[in-house]
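Q: Structure in structure tokens, see below.
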Amino acid sequence: MANATTTSGVGPVTGSSSREPGGRSPTGGGNLVSGGAGGGGSRRESGAANFFERYKPEQGPKVRWASMGAALLMAYGLAAFVYDRLVGWRDSSRPWTMAVVYGIPMVLALGVAATGWWFTFRNRGSSDFLIATENEMRKVNWSSRREVIGSTKVVIAFTIIFGVLMGFADLVFFQLFQWFGVLKEGVTGLGDPGG
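Residue numbers in the sequence shown follow this note's numbering, run continuously in steps of one, and reach 269 at the last position.
Written out as structure tokens, the structure reads:
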């Protein structure tokens, strides 16, 4: 039998003879024998993966945690909104209403936070997207601090100059419209009747 090999006393195993000792394929395949010496077992051998186990935890941490922060902010906003709507329904003579008024917002907030965690750290598609986003952000040629400060000064100066010019143009047109009789003499520039 040219292709048959035995592994740790287990009967013949058919297949290619390019397997390493321990039953592992050189390409990273799993063990031929469950619990064999070569390792290579799946992370989910013991059932469903832990909810808090992160997919590719070392990749894209900044964007992923920022996204999780946004999800927590949305969870807080939803809880506050629902609580504001339910707080008037609270009745101290019926204690179960207190549980409803406080419980529903908490359950909704936990649901939004858990969904945010799932899409940010557990779901492969969205996690890969966020990781790729952070990698693209690293490739961007960001302006230096000096360039940003200089550009900001130019924008602020232009805005102030433009505002002054528009105010001057408003006064000129206001005077012209009063001279031509389009605006009444008692009307101020703000549209109020003058006193």
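Glycine included, each C-beta is placed from N, C-alpha and C at the ideal position.
So what's TYR129 in DSSP terms, helix, strand or just coil?
A: It is coil, neither helix nor strand.
Q: Which residues in the same chain as GLN252 place their Cβ atom closer than 7 Å to its Cβ, once the five residues preceding and following it in sequence are excluded?
A: GLU259
Q: If you measure between the beta carbons of PHE195 and TYR150, is that distance less than 8 Å?
A: It is not a contact, given that the beta carbons lie outside the stated cut-off.
Q: Straight-line CA distance for ALA154 to ASN209?
A: 35 Å
Q: Kindly indicate which three-state DSSP category TRP170 falls into: helix, strand or coil?
A: If DSSP states are grouped into helix, strand and coil, TRP170 belongs with the helices.
Q: Quick one: measure Cβ to Cβ for GLY190 and ALA145, integer angstroms, because I've assumed they're closer than 8 Å.
A: Contact holds; Cβ gap of about 2 Å.
Q: By DSSP, does TRP191 sit in helix, in strand, or in coil?
A: In this structure, TRP191 counts as helix in the three-state DSSP scheme.
Q: Classify ARG138 as buried or exposed, calling it buried when 16 or more other Cβ atoms lie within 10 Å of its own Cβ.
A: buried
Q: Going by DSSP in three states, ARG164 sits in which element: helix, strand or coil?
A: coil
Q: What is the DSSP secondary structure of THR79, reduced to helix, strand or coil?
A: Confidence in THR79 is poor, its pLDDT being 47 and thus under 50, which makes the residue's placement unreliable; the coordinate value appears in the next sentence. DSSP places THR79 in strand when its eight states are reduced to three.
Q: Among ARG168, PRO131, PRO135, VAL175, whose alpha-carbon lies nearest the alpha-carbon of GLY162?
A: VAL175
Q: Near ARG164, what residues of its chain come up, given a Cβ to Cβ distance below 8 Å and the 5 sequence neighbours on each side ignored?
A: THR171, MET172, VAL175
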